[in-house]
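Have a look at the structure below, then the notes.
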Amino acid sequence: MSRLLGFYVDHQMTSPLAMAQHSAKIKPLATDFARNGVLLVTTCLRVEAYGEEPALRNIDSSTMFSDLPFEHIEGAVPITQRLAEIASGARSQIFGENYISDQLAKAIELLDPNLPIFQIARLAIDIGRASRDRQGFIAPFNYDQIVRDIIADRFQNGELPDRLYMIGAGMLGRELIRSGVGERFRSAVIVTRNPKNLRKRLRPWTDIEVSLMRPAEIGSVREPRSIVVIATADVNDEYQAILGEALLRLQPRTIVDLSSIPVLSAAAVRKLNYVSMYDEEFLGFIDKNNKHLAPQLSVLCCDIEKTLRTAQMYLSATLT
29 MSRLLGFYVD HQMTSPLAMA QHSAKIKPLA TDFARNGVLL VTTCLRVEAY
79 GEEPALRNID SSTMFSDLPF EHIEGAVPIT QRLAEIASGA RSQIFGENYI
129 SDQLAKAIEL LDPNLPIFQI ARLAIDIGRA SRDRQGFIAP FNYDQIVRDI
179 IADRFQNGEL PDRLYMIGAG MLGRELIRSG VGERFRSAVI VTRNPKNLRK
229 RLRPWTDIEV SLMRPAEIGS VREPRSIVVI ATADVNDEYQ AILGEALLRL
279 QPRTIVDLSS IPVLSAAAVR KLNYVSMYDE EFLGFIDKNN KHLAPQLSVL
329 CCDIEKTLRT AQMYLSATLT
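Residues in the sequence shown are numbered from 29 upward in steps of one, following my numbering.
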């Protein structure tokens with residue numbers, strides 16, 4: 029078997045917004061990469077490719093990384109270490125966040141499970157998750173908690189919120205609803221372009237009451253005690269225009285945009301209270317979270333390294 033290599037750029041090497049914009053361009057290549065035996069990891073904070081050397085030779089680095097700086101990594105053990113640290117949340121913008129390991133697991137689904145890079149990545153995810161749990165490297169200000177705190181700030185002194193609108197039916201939107209961020213509200217609505225398909229996916233949710241609505245149906249009346257959470261990046265120009273007009277009609281108390289590339293521009297929402305992941309309010313929560321977990325970071329990485337040493341026999345067997 030040829031040696032394993034990796035190439036990567038992440039938010040620590042450039043600005044988070046530039047990283048998110050570039051990742052969105054590269055993400056559609058994942059299936060083609062997998063077909064050639066290359067694991068492509070594209071999240072809002074990173075673009076990374078791993079595989080055997082001959083497969084990676086076929087990658088055009090100028091296309092994959094454009095003008096962004098990138099690094100390379102070589103060998104099964106260093107690659108497993110890095111992927112495990114990513115899976116644990118140690119390399120996330122929000123330390124200890126719990127969505128990244130699921131994103132990695134989804135990324136490797138495209139690969140042939142007989143490939144060494146698949147088996148190494150699967151091991152790395154398991155190690156990262158276990159170390160995160162073992163060391164309690166859990167974000168106190170995860171996405172759901174940040175949303176809860178923003179809601180609490182907007183509704184003080186016993187004022188009751190009316191309706192929560194969750195725009196986006198992907199993993200993040202569904203998990204936010206399941207986490208209970210809508211418990212204070214009179215009702216919760218998931219806004220989706222395909223209610224029929226989503227309704228099938230929500231059938232197991234026997235314990236949670238949620239309504240479904242199409243984007244154009246938002247804003248039949250003003251709802252100044254509503255909150256809107258945008259939890260999708262799948263927005264084209266037409267959808268963006270529909271959302272902008274609907275939210276202007278709705279006039280919610282606040283719009284919290286969790287998209288790595290803000291869905292709406294300042295001009296589109298004009299005088300509405302709009303909080304993106306790049307605003308000071310949101311960044312303040314991230315700073316609190318990371319200061320809380322920073323003392324545990326080296327312990328977590330040591331735990332991953334120690335676990336990996338005991339797993340090297342498995343790696344040796346995988347690579348023969």
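Every residue gets a Cβ at the ideal spot worked out from N, C-alpha and C, and that includes glycine.
message: Quick test of your reading: residue 76 and residue 124, contact by CB under 8 Å. State the CB separation rounded to the nearest angstrom.
response: At roughly 20 Å, the Cβ-Cβ gap does not stay under 8 Å, so residue 76 and residue 124 are not in contact.
message: Less than 7 Å between the beta carbons of residue 169 and residue 328, yes or no?
response: no
query: Applying the criterion that 16 or more other CB atoms from any shown protein chain within 10 Å of the CB defines a buried residue, is residue 249 buried or exposed?
result: exposed
message: Quick check on the DSSP output: the beta strand (DSSP E) that includes residue 34 runs from which residue to which?
response: 32-38
message: Since residue 112 and residue 32 should fall inside the 8 Å C-beta cutoff, what is the C-beta to C-beta distance between them, to a whole number of angstroms?
response: At roughly 15 Å, the Cβ-Cβ gap does not stay under 8 Å, so residue 112 and residue 32 are not in contact.
Three-pair Cβ contact test at 8 Å for the region 74-91 versus the region 142-153: yes
message: Quick check on the burial criterion: 16 or more other C-beta atoms within 10 angstroms. Buried or exposed for residue 330?
response: Exposed.
field: Closest by C-alpha distance to residue 119, when choosing among 44, 177, 235, 224
entry: 44
- request: Locate the beta strand (DSSP E) running through residue 78, then write down its first and last residues.
  value: 74-80
task: Tell me whether residue 285 sits in a helix, a strand or coil according to DSSP, three-state version.
output: strand
message: Whether or not the region 212-221 and the region 180-193 are in contact is what I'm after, with contact meaning three or more pairs of Cβ atoms, one per stretch, closer than 8 Å; do they touch?
response: yes
message: Looking at residue 149: is its Cβ nearer than 7 Å to the Cβ of residue 57?
response: no
message: Just to confirm, is the Cβ distance from residue 116 to residue 156 under 7 Å?
response: yes
field: Residues that residue 99 bridges to, as DSSP identifies them
entry: 36
query: Below 8 Å, can you find three or more Cβ-Cβ pairs linking the region 285-293 to the region 239-258?
result: yes
message: Just to confirm, is the Cβ distance from residue 277 to residue 247 under 7 Å?
response: In this structure, residue 247 lies closer than 7 Å to residue 277 by Cβ.
query: With 16 other CB atoms within 10 Å as the buried threshold, where does residue 280 fall?
result: buried
message: I'd like the list of long-range same chain contacts for residue 87, defined as Cβ closer than 8 Å, with 5 residues on each side in sequence excluded.
response: 35, 61, 66, 77
- prompt: Can you tell me whether DSSP reads residue 267 as helix, strand or coil?
  reply: DSSP, reduced to helix, strand and coil, places residue 267 within a helical segment of the structure shown.
Option in 129, 182, 63, 229 with minimal Cα separation from residue 197: 229
query: Would DSSP call residue 257 helix, strand or coil?
result: strand
- prompt: For the candidate residues 63, 30, 202, 71, whose alpha-carbon lies nearest to that of residue 46?
  reply: 71
Span separating the alpha-carbon of residue 251 from that of residue 182: 14 Å
message: Among 336, 302, 49, 59, whose alpha-carbon lies nearest the alpha-carbon of residue 137?
response: 59
- request: Quick one: give me the first and last residue of the beta strand (DSSP E) that residue 195 is part of.
  value: 191-195
message: Looking only at its chain, what residues have a beta carbon closer than 6 Å to the beta carbon of residue 285, apart from the 5 residues adjacent to it on each side?
response: 258, 291, 304
- prompt: Do you know how far the Cα of residue 274 is from the Cα of residue 323?
  reply: Rounded to whole angstroms, residue 323 and residue 274 show a C-alpha spacing of 44 Å.
- prompt: Are the Cβ atoms of residue 314 and residue 300 separated by less than 7 Å?
  reply: no
- prompt: Apart from the five residues on each side of it in sequence, which residues of its chain come closer than 6 Å, Cβ to Cβ, to residue 221?
  reply: Excluding positions up to five away in sequence, the list is empty.
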